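K.L.:
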Amino acid sequence: MTRQKIEIKKIDNITARQVTFSKRRRGLFKKAYELSILCDAQVALIVFSATGKLLDYCSSSMQEVIERHNSQLQNQKKPSQQPHLQLEGEKKACTLLSKELEKKTTELRQIKGEELEKLNLEELKRLEKLAQTSLRRVIETKDERILKEINYLKKKADQLQEENHKLKQMSSRNVVEQGQSSESTATGICNSPDLPEDHDISLKLGLPFPN
9 MTRQKIEIKK IDNITARQVT FSKRRRGLFK KAYELSILCD AQVALIVFSA
59 TGKLLDYCSS SMQEVIERHN SQLQNQKKPS QQPHLQLEGE KKACTLLSKE
109 LEKKTTELRQ IKGEELEKLN LEELKRLEKL AQTSLRRVIE TKDERILKEI
159 NYLKKKADQL QEENHKLKQM SSRNVVEQGQ SSESTATGIC NSPDLPEDHD
209 ISLKLGLPFP N
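Structure, rendered in structure tokens:
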């Protein structure tokens, strides 16, 4: 014979309701105890009866479990709050950067001689000093670049002069070697035993032969 399923709804009879509450409470606490033992879980139950009576069960310290529960809730709320705080910080940083950019843009225009009508005498003096300092830096940088260019051109000129000198030396050496070769050829021809004594070689050498 199957057990009849009880419909879950409020029990109107007060006596039956109290009996059911007592039985179910004992069963609930027993299940909580078994869960904590079998699964090594930290379990806490808090029940208020219809008359307002407090009934609780805890596998360890109720205060410790409640504190752990509250701490866990706070940790769960932090991720949802973190993006909001981060967005606020980024908005503030963006606002500061925009103001700084606007300020620097205005200063640059004023250095160029624009939008000077709103400046007082002290601000104009400060702007003049800033412009003079900037101009001095520009001139110093320009002079340094010119000096570097001059030194580079001098170094290049020295290299070219040295190369030209080497080419002149090589050319002179080649001329001397060619002259020595011509003299050796002429001497060999004059001293050749195959030539007759009265043979004139002045035309071959291109020079007048002495009598």
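In the numbering used here, the protein residues as written are 9 to 219.
Even for Gly, the Cβ is constructed at its ideal location relative to N, Cα and C.
This structure is a prediction, so every number in the text was calculated from the model and none was measured.
(1) If you measure from the CB of E110, is any heavy atom of the ligand PLP nearer than 7 Å?
(2) Helix, strand or coil, according to DSSP, for D64 in the structure here?
(3) Would you be able to state if there are at least three C-beta pairs under 8 Å between the region 16-24 and the region 40-53?
(4) Note the first and the last residue of the continuous beta strand (DSSP E) segment covering I54.
(5) In or out: Q12 buried (at least 16 other Cβ within 10 Å) or exposed?
(6) Buried or exposed: where does Q118 fall if 16 or more other Cβ atoms within 10 Å of its Cβ makes it buried?
(7) Whose C-alpha, out of E15, R25, V146 and I158, is nearest the C-alpha of T59?
(8) Three-state secondary structure (DSSP) at Q82?
(9) For I22, which of helix, strand or coil comes out of DSSP?
(10) In this structure, does DSSP put A101 in helix, strand or coil?
(11) Below 8 Å, can you find three or more Cβ-Cβ pairs linking the region 47-65 to the region 27-35?
(12) Are the CB atoms of T114 and E123 nearer to each other than 8 Å?
(13) Return the CA-CA distance between H173 and K162, expressed in angstroms with no decimal places.
(14) Just confirm the distance between the C-beta atoms of A52 and V73, as a whole number of angstroms; I'd bet it's less than 8 Å.
(15) Within the region 117-168, note down every full alpha helix (DSSP H) run reaching 4 residues or more, in order along the chain.
(16) For F29, name the three-state secondary structure that DSSP assigns.
(17) Would you kindly work out how many angstroms separate the C-alpha atoms of V146 and Q94, rounded to a whole number?
P.N.:
The answer reads as follows:
(1) This structure simply doesn't include the ligand PLP, nor any ligand for that matter.
(2) When DSSP states are grouped into helix, strand and coil, D64 belongs to the strand group.
(3) No: fewer than three Cβ pairs fall under 8 Å.
(4) Element bounds for I54: A52 to F56.
(5) By the C-beta density criterion, Q12 is exposed, having fewer than 16 other C-beta atoms within 10 angstroms.
(6) Buried: at least 16 other Cβ atoms inside 10 Å.
(7) Of all alpha-carbon atoms in E15, R25, V146 and I158, the one lying nearest the alpha-carbon of T59 is that of R25.
(8) Assignment of Q82 by DSSP, reduced to helix, strand and coil, places it in the helix class.
(9) I22: helix per DSSP, three-state reduction.
(10) Residue state, collapsed to three classes: helix.
(11) In this structure the region 47-65 lies against the region 27-35, because at least three pairs of beta carbons, one per stretch, are closer than 8 Å.
(12) Here T114 is near E123, since their CB atoms are less than 8 Å apart.
(13) C-alpha separation (whole angstroms): 16 Å.
(14) A52 to V73, Cβ: 4 Å. Contact.
(15) Counting only unbroken stretches of 4 or more residues, no alpha helix (DSSP H) element lies wholly within the region 117-168.
(16) In this structure, F29 counts as helix in the three-state DSSP scheme.
(17) Each residue's alpha carbon lies about 43 Å from the other.
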